[in-house]
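Participant: Below is a structure I'd like to ask you about.
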Amino acid sequence: MRIGLIGTGRIGTFHAGVLSRHREVGSLVVADTDAARAAYVADRTGSTAAPSVDEVFSWGVDAVVIASATSAHADLIGRAARAGLPAFCEKPIALDLPGTLNAVGEVEAAGTVLQLGFMRRFDEGYGAARELVRSGRLGRLHTVRAITSDPAPPPAAYLPLSGGLYRDCLVHDFDIMRWVTGREVVEVYATGSDAGPSMFAEAGDIDTAAAVLTLDDGTLATATATRCNGAGYDVRMELAGELDQYAVGLDDRTPITSTEPKGPPACDNPWPGFLERFAPAYEAELDAFLQVVTGSLANPCDGREALHALRIAEACELSRRERRPVALAEIPGG
1 MRIGLIGTGR IGTFHAGVLS RHREVGSLVV ADTDAARAAY VADRTGSTAA PSVDEVFSWG
61 VDAVVIASAT SAHADLIGRA ARAGLPAFCE KPIALDLPGT LNAVGEVEAA GTVLQLGFMR
121 RFDEGYGAAR ELVRSGRLGR LHTVRAITSD PAPPPAAYLP LSGGLYRDCL VHDFDIMRWV
181 TGREVVEVYA TGSDAGPSMF AEAGDIDTAA AVLTLDDGTL ATATATRCNG AGYDVRMELA
241 GELDQYAVGL DDRTPITSTE PKGPPACDNP WPGFLERFAP AYEAELDAFL QVVTGSLANP
301 CDGREALHAL RIAEACELSR RERRPVALAE IPGG
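Letter 111 of the sequence shown, counting from 1, is numbered 111 in the UniProt record's numbering, and no numbers are missing.
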């Protein structure tokens, strides 16, 4: 099949490499608002560079992969839907609920496919955790703890475009929490701090956040995130039940050091970032998308799934601003 890839930044370049090697992809067309960058990536991957993003939709592609700037996601999703093309898009659909609801509506009206890039669903550790919960091995699940810590802040120019720490970063935790537990969040209570680099306060954002979430079966969950974890990239989930307890993301590259005399040794090669930590998962989600396009797999993460995660992020932002618990029923789109 012929795939169109829109966006050749860091994640787009990674996707171009994966797609160009995939057995189901006969040809790959790449495009970017920066035509020179698209040409460079095309040359590196043996692909064809389209002169513009517009031309991708007229080159007879069978599906599109959207890895552009977030501000362009909703428009490109709509264009793919109107063209009758299956689309894979990196999260988020849009930075706000109205834009997300509109894009999801376009896809549903067109009857096309939209798969969202929540790559943790394709990570082996999170997959094993999901099976453990469903097997009953943990007994009644009573506590979930999710952690996402970036090793260094992003560029200052990125912050006003990111949507904020809940929507840009913790939204992955909110999605994977729903997917692993099979439960819905009914209430959140969130707070955050901008005590780190001044660029966060200047952008109206926070560099560190914490949220307590109540699931619909009474399970309690916490989700924390920071942009300033100098030890390395740290993404984990702990699942505690009445019978047992398990952890995702705890391995010899987890950037944490025990103070116990008989504790494990300090990690000497911590994960530097998300691409290194989740490279196999990124490959697996694109493989899944191509199977969806050929009709051999049901869509594993559609627009409604992304909407649910965004609603939790919106509830957390409202809770932080108003310093109160927020029920998910208060957030449109449910």
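In this text, a Cβ means the ideal position worked out from N, Cα and C, and glycines have one as well. For clarity, every value in this text was computed on a predicted model and none was experimentally measured.
Here's the rule: buried if 16 or more other CB atoms are within 10 angstroms of the residue's CB, otherwise exposed. What is Arg121?
Facilitator: With 16 or more Cβ atoms within 10 Å of its Cβ, Arg121 is classed as buried.
Participant: Buried or exposed for Asp175, please, with buried defined as at least 16 other CB atoms from any protein chain shown within 10 angstroms of its CB.
Facilitator: Answer is buried; the Cβ neighbour count reaches 16.
Participant: Starting from Gly4, trace the beta strand (DSSP E) in both directions and tell me its first and last residue.
Facilitator: Segment Arg2 to Ile6, the beta strand (DSSP E) holding Gly4.
Participant: If you check the beta carbons only, do Glu106 and Ile66 fall under 9 Å apart?
Facilitator: No, Cβ-Cβ distance for Glu106 and Ile66 is not below 9 Å.
Participant: Starting from the N-terminal side, write out each stretch of the beta strand (DSSP E) that is 3 residues or longer and does not extend beyond the stretch 102–190.
Facilitator: You should have 114–117 and 141–149.
Participant: With DSSP as the reference, label Ile66 as helix, strand or coil.
Facilitator: Note: Ile66 maps to strand in three-state DSSP.
Participant: Report the rounded CA-to-CA distance for Gly127 versus Val248, giving the unit in angstroms.
Facilitator: Taking the straight line joining both Cα atoms gives about 9 Å.
Participant: Which ranges would you report for the alpha helix (DSSP H) in the stretch 185–260 if only whole runs of at least 4 residues count?
Facilitator: Entirely contained in the stretch 185–260, the alpha helix (DSSP H) runs reaching 4 residues are, in chain order, 198–202.
Participant: Per DSSP, what kind of secondary structure is Ser27 in: helix, strand or coil?
Facilitator: Residue state, collapsed to three classes: strand.
Participant: Which partner residues does Ala327 have in the DSSP bridge list?
Facilitator: Answer is Glu187.
Participant: Taking Ala315 as the reference, give the member of Pro272, Asp32 and Gly164 with the closest Cα.
Facilitator: Residue Gly164 is the option with its Cα nearest to Ala315.
Participant: Give me the residue from Phe278, Gly303, Arg323 and Ala313 with the minimum Cα distance to Ala74.
Facilitator: If we check each option's Cα against that of Ala74, Gly303 comes out closest.
Participant: When burial is assigned at 16 or more other CB atoms within 10 Å of the CB, is Asn269 buried or exposed?
Facilitator: Exposed, since its Cβ has fewer than 16 Cβ neighbours within 10 Å.
Participant: Kindly list the residues whose CB is nearer than 7 Å to the CB of Trp179, restricted to its own chain and excluding five residues on each side of it in sequence; keep chain order.
Facilitator: Answer for Trp179: Arg121 and Arg130, listed in chain order.
Participant: Answer yes or no: do Ser319 and Ala225 have a C-beta to C-beta separation smaller than 9 Å?
Facilitator: Going by C-beta atoms, Ser319 is not nearer than 9 Å to Ala225.
Participant: Is Ser258 near the ligand NAD, with its Cβ less than 8 Å from a heavy atom?
Facilitator: This structure does not include the ligand NAD; it has no bound ligands of any sort.
Participant: Is Pro151 closer than 9 Å to Gly232 when the C-beta atoms are compared?
Facilitator: Yes, the pair counts as a contact, with Cβ atoms nearer than the cut-off.
Participant: What is the rounded straight-line gap between the Cα of Leu141 and the Cα of Ala103?
Facilitator: Using only the alpha carbons, I get a separation of about 35 Å.
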